[in-house]
Structures are given as structure tokens and as C-alpha cells.
């Protein structure tokens, strides 16, 4: 039987300057999940992040690294090492340029696709063999515009689409934690296909 997930990480940048930016989609999702699960998130200096714990049949940890995006791996690796959590028991929620706003996809492994948070995670964990929950933010069209785009707030319309995507993902958290990965992927991807049909 699949082991399931023991650590869910939301990627983003700390401080009010970045709070509303597209690059903080992972933080937004983790905050919503903590609220839904009634988990208190507390600053843990030893882990360079904000950490919460949900005690069910097995402990589930929620983490927001406070190391800034390009050093996220330091915080994740510290938590994983301390609690003896393997890479395949980690789910990372992050913004995804290659998906349109409103899309949410789940996958395991793969490259970093130029995402500095994923790049640092792979470097510190020594593997890309962790799960990802990818929230579409769209692409500005020009590579040179990417940095300013991800560090700016989404439009009101895109923010609403992101919110809907997170609602769909939150409905799958119990299944994800219990290791029902194939079923969750199928449901999320099917929902995205239906959305595309509705838009055409």
C-alpha cells in the first residue's frame, strides 16, 4: 500500500511585500488548508519556517518556509530530516507558469521547470522524487517578463480562478494524505478538462 503524505509544503516568499503576489500561491493554499484542518501554524526558528501539526491516524505536518523562495529547500530538508520523512511522503504546493489560472494538477517527480523553489528543494533533498500540487498562474508571454509577473498580484479574475482551483484541491486533501494519488490525479485532471470545455 502507498505510504501517503506526511508533510505538505506551501512555497512562497515571506513579508508583506510579497504576500499578494502570484509566486505566493503555495502559501495561500497552505493557509487555507491550515484553516480547514484547524491547525495552528507557529514560527519554528530551528526549521526556518512556520510549521503546524495535525494529529490523526498519523501526524501530518504543514510547512511554510521563511527562507525566501530560492532557499526553500533548507527549511524542507530540516523538517524532513528531523521527523524522518522521505521525499515520496512530501507534497509541495506551488505556482505554475505552464498552466492557465484556474488549473490545478498533481504529479510526482520531474524537473524544476525554472522554478527556483523547486530547484532548491531538489538540491537539498537530493532527489526530485516528491509530489507537486501545481496551481496555474498563466505565463506573461515573454521570458524576460516572468520575474516581474510572478512577483505581481494576479488580476481579480485570475485571483478568483486560483481560489476555485484551491477549493478543488482542498477537497482532495484527505485522499492525498492517504496515498490515493492516481485517483486524485485523475479527478483533478478531469475537472480541468471539463473547465476547458466550458470555456470553449
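In our numbering, the protein residues as written are 11 to 210.
Heads up, the beta-carbon is just placed ideally off N, CA and C, and yes, glycines get one too.
Boundaries of the beta strand (DSSP E) around residue 106: 100–106.
For residue 176, the enclosing alpha helix (DSSP H) covers residues 166–180.
Per DSSP, residue 28 is not a residue of any alpha helix (DSSP H), being assigned neither H nor E. The residue from 64, 28, 113, 117 with its alpha-carbon nearest to that of residue 184 is 64. Looking only at 46, 70, 78, 69, the smallest Cα-Cα distance to residue 27 is reached by 78.
In this structure, residue 95 places its C-beta atom within 8 Å of the C-beta atom of residue 17. In this chain, the beta strand (DSSP E) harbouring residue 71 covers 69–75. Distance from the CA of residue 111 to the CA of residue 91, rounded to the nearest whole angstrom, comes to 34 Å.
In this structure, the beta-carbon distance from residue 47 to residue 54 does not fall below 8 Å. Counting other Cβ atoms within 10 Å of its Cβ, residue 30 stays below 16 and is therefore classed as exposed. A straight-line Cα-Cα distance of about 17 Å links residue 20 and residue 163.
Restricting attention to 14, 25, 174, 32, the CA atom closest to the CA of residue 158 is found in 32.
Beyond the five residues adjoining it in sequence on each side, residue 73 comes within less than 6 Å, by CB distance, of 19, 59, 61, 89 in the same chain, given in chain order.
When 140, 177, 153 are compared, the shortest CA-CA separation from residue 41 is found for 177.
Contact annotation: residue 189 and residue 131 have beta-carbon atoms that are not nearer than 8 Å.
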